[in-house]
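Q: Positions 0 to 336 (numbering that gives the first Met the number 0) are the ones given, in order, by the sequence shown.
Before I ask anything, let me first share the structure, which is written out below as C-alpha cells.
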Amino acid sequence: MKVIALKTPGGLENISVSDIADPGAPGPGQIRVAIKASSLNFHDLLVANGGIPTEDGRILMSDGGGIVDAVGEDVTDFQVGDSVVSCFFPQWPAGTPMASVGNFANTPGDGIDGMAAEFVVRDQSAFTLAPKDWSHAQAATITTAGLTAWRALVVDGKVKPGDTILTLGTGGVSITVIQIAKILGAKVIVTSSSDEKLERAKKLGADHGVNYRTHTQWSKKVMELTEGKGADHIIELGGPGTLEQSIHSVRVGGHISLIGVLTGRSGEVPTALLMAKQARLQGLIVGSRRDQREYVTALEANQIQPVIDKTYPMEELAAAFEYQASGSHFGKICVEW
C-alpha cells in the first residue's frame with residue numbers, strides 16, 4: 000500500500016511516497032480503516048519540516064478520515080462501512096488530562112505512524128464515528144483543529160450566551176471557533192493581517208475584525224470594541240509574540256486558552272499583568288475521545304460544516320505544506336487519496 004513518509008532529519012524535500020506491506024487484518028478490539036483524507040495542522044508542519052524530531056520513515060499526519068474496512072473480534076463501536084475519524088490522543092478516553100497526554104509519544108504522525116496511509120489497523124479507541132453525510136476531507140478537520148476549538152470554548156471555557164471571544168488569525172482553529180461561538184450565542188472578535196480575510200470571517204459570523212498590521216497594539220482596539228471591559232475568552236494561537244497583548248485584551252477574571260506557538264516556543268510572560276487581571280491562562284492540546292464524540296453530536300445537531308480552503312492529492316502533501324507555511328489559507332487545508 001502507499002504511504003507518505005518522512006526521512007530524517009525532516010524537511011519538506013524529505014517527504015516521499017513509499018510502498019510498504021499492507022497492515023493485514025485487524026486483531027481483537029481493532030479495526031482496519033481505509034484512509035481517504037487528512038487535514039494539515041501546525042503540529043504536522045513542525046514534524047514535516049524537522050521542527051519536531053521523529054523517527055526515520057515516520058508516516059505523517061495526525062488527522063484521518065475514512066471507512067471501516069474490517070473489524071476484529073470484540074469490536075463494539077463500529078461496523079464495516081462506517082465513516083470514521085481518527086483521535087489525536089487514542090489513549091485518552093475521557094476526563095481530565097493525564098500523564099500519557101503530556102507528550103506526543105502516542106500521537107499519530109509524531110510518536111507513532113500517522114494517517115497518510117491507504118490503510119491503518121488500530122484499536123477501536125483510535126477513532127470515533129464521523130458526522131453523518133460529511134465527506135472524508137470534512138471529517139478529517141475534526142481530529143486536531145476542530146476538537147481544539149470545541150474544548151477551548153465548551154469543555155474548558157464554558158462559554159455562555161453574550162460572552163465575547165477573541166480569536167487570533169483565520170486558520171482552521173479560529174474559523175471553527177467562529178462557527179461554534181455563534182451556535183453558543185457568543186460574540187466574536189477575530190484578528191488578521193488581511194482585510195479581505197476579515198471580511199470573509201464576518202460573513203461566517205464574526206462580529207468584529209481587527210487588522211493587527213493596521214492596529215499594531217491590537218489589544219487597545221479589543222478594549223475599545225468591548226467598551227473597556229475586555230474579552231471574556233481568548234483563543235491564543237500565537238504564543239510568546241502575542242501573549243502579552245492577549246493578557247491586555249482579556250477581562251478581569253477572564254479565560255485565555257493557550258493552544259498555539261506560531262511565534263515561538265518560549266518567551267516572557269507578563270506575570271504581574273496576568274495577576275492583576277486575575278485571569279486564567281490554560282494550556283491545552285486537543286481533547287479526549289469523549290470530547291470528540293460530543294463534538295460530533297453538536298456538529299450534527301447544528302449542521303455546521305468546516306471551511307476548507309484547498310484540497311490536494313495526498314501525493315502532493317509537500318506542496319500542501321508549502322501552501323500552509325505561506326499563511327495564505329483561510330480555514331483548513333486537506334489532502335485526499
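Don't be surprised by glycine CBs; every beta carbon is placed ideally from N, CA and C.
Just to check my reading of the structure: valine 154 and alanine 185 have Cβ atoms closer than 8 Å, yes? What is that Cβ distance to the nearest angstrom?
A: The sequence position of residue 154 within the sequence shown is 155, counting from 1. The sequence position of residue 185 within the sequence shown is 186, counting from 1. Actually they are not in contact, since the Cβ atoms of valine 154 and alanine 185 sit about 15 Å apart, beyond 8 Å.
Q: Leaving out the 5 sequence neighbours to the left and right, which residues in its chain are closer than 7 Å to proline 269 when beta-carbon positions are compared?
A: Counting from 1 along the sequence shown, the entry for residue 269 is found at position 270. Correct list, in chain order: Glu243, Ile246.
Q: In or out: serine 325 buried (at least 16 other Cβ within 10 Å) or exposed?
A: For this step, residue 325 is matched to residue 326 along the sequence shown. Looking at its Cβ environment, which holds fewer than 16 other Cβ atoms inside 10 Å, serine 325 is exposed.
Q: Provide the residue span of the alpha helix (DSSP H) that contains leucine 224, from first to last.
A: As a first step, residue 224 is located in the sequence shown; it is residue number 225 there, counting from the start. Taken as a continuous stretch (DSSP letters only), the alpha helix (DSSP H) holding leucine 224 covers 217 to 224.
Q: Between which two residues does the beta strand (DSSP E) carrying lysine 331 extend?
A: The residue you call residue 331 lines up with position 332 of the sequence shown. 331 to 335 is the extent of the beta strand (DSSP E) around lysine 331.
Q: Please return the same chain residues whose Cβ sits closer than 7 Å to the Cβ of proline 25, not counting the five positions on each side in sequence.
A: For the purposes of this step, residue 25 is taken as residue 26 along the sequence shown, with counting starting at 1. Closer than 7 Å at Cβ, skipping near neighbours: Arg31, Ala69, Val70, Gly71, Val120.
Q: How about valine 295 and proline 92: are their beta carbons less than 7 Å apart?
A: Your numbering for residue 295 matches position 296 in the sequence shown. Your numbering for residue 92 matches position 93 in the sequence shown. No; because the gap between Cβ atoms is not below 7 Å, this pair is not in contact.
Q: Looking at C-alpha atoms only, which residue of Ala116, Pro160, Gly237, Val79 is the closest neighbour of alanine 36?
A: If you number the sequence shown from 1, residue 36 lands on position 37. Selected option, being the one with the closest Cα: Ala116.
Q: Measure the CB-CB distance between alanine 144 and valine 172 and report whether it falls below 7 Å.
A: For this step, residue 144 is matched to residue 145 along the sequence shown. For this step, residue 172 is matched to residue 173 along the sequence shown. Yes.
Q: Assuming isoleucine 19 and aspartate 109 make a contact with CB atoms under 8 Å, what is their CB distance in whole Å?
A: For the purposes of this step, residue 19 is taken as residue 20 along the sequence shown, with counting starting at 1. For the purposes of this step, residue 109 is taken as residue 110 along the sequence shown, with counting starting at 1. Not quite, the Cβ-Cβ distance comes to about 18 Å (not below 8 Å), so this is no contact.
Q: With a Cβ-Cβ cutoff of 7 Å, do arginine 2 and glutamate 314 count as a contact?
A: Within the sequence shown, residue 2 is the residue found at index 3, counting from 1. Within the sequence shown, residue 314 is the residue found at index 315, counting from 1. The sequence given here places valine at residue 2; arginine does not occur at that position. Their beta carbons are not under 7 Å apart, which means valine 2 does not touch glutamate 314 by this criterion.
Q: Taking serine 248 as the reference, which of Glu335, Glu235, Gly259, Val260 has the closest Cα?
A: Within the sequence shown, the letter at position 249 stands for residue 248. The candidate whose alpha carbon is nearest that of serine 248 is Glu235.
Q: Alpha carbon to alpha carbon, what distance is there between glycine 229 and proline 89?
A: Along the sequence shown, read from residue 1 onward, the residue named residue 89 stands at position 90. Along the sequence shown, read from residue 1 onward, the residue named residue 229 stands at position 230. Near 37 Å, if we compare the C-alpha coordinates of glycine 229 and proline 89.
Q: Determine the contact status of leucine 183 and histidine 207, defining contact as a CB-CB distance below 7 Å.
A: As a first step, residue 183 must be located in the sequence shown, where it is residue number 184. As a first step, residue 207 must be located in the sequence shown, where it is residue number 208. No; because the gap between Cβ atoms is not below 7 Å, this pair is not in contact.
Q: Beta-carbon within less than 6 Å of leucine 152's beta-carbon, same chain only, minus the 5 sequence neighbours each way: which residues are those?
A: Reading the sequence shown from its first residue, position 153 is the one you call residue 152. Closer than 6 Å at Cβ, skipping near neighbours: Val158, Ile179.
Q: Within 10 Å of its beta-carbon, does phenylalanine 265 have 16 or more other beta-carbons around it, so buried, or fewer, so exposed?
A: By one-based count along the sequence shown, residue 265 stands at place 266. Per the sequence shown, residue 265 should be read as serine rather than phenylalanine. Flag for serine 265 reads exposed.
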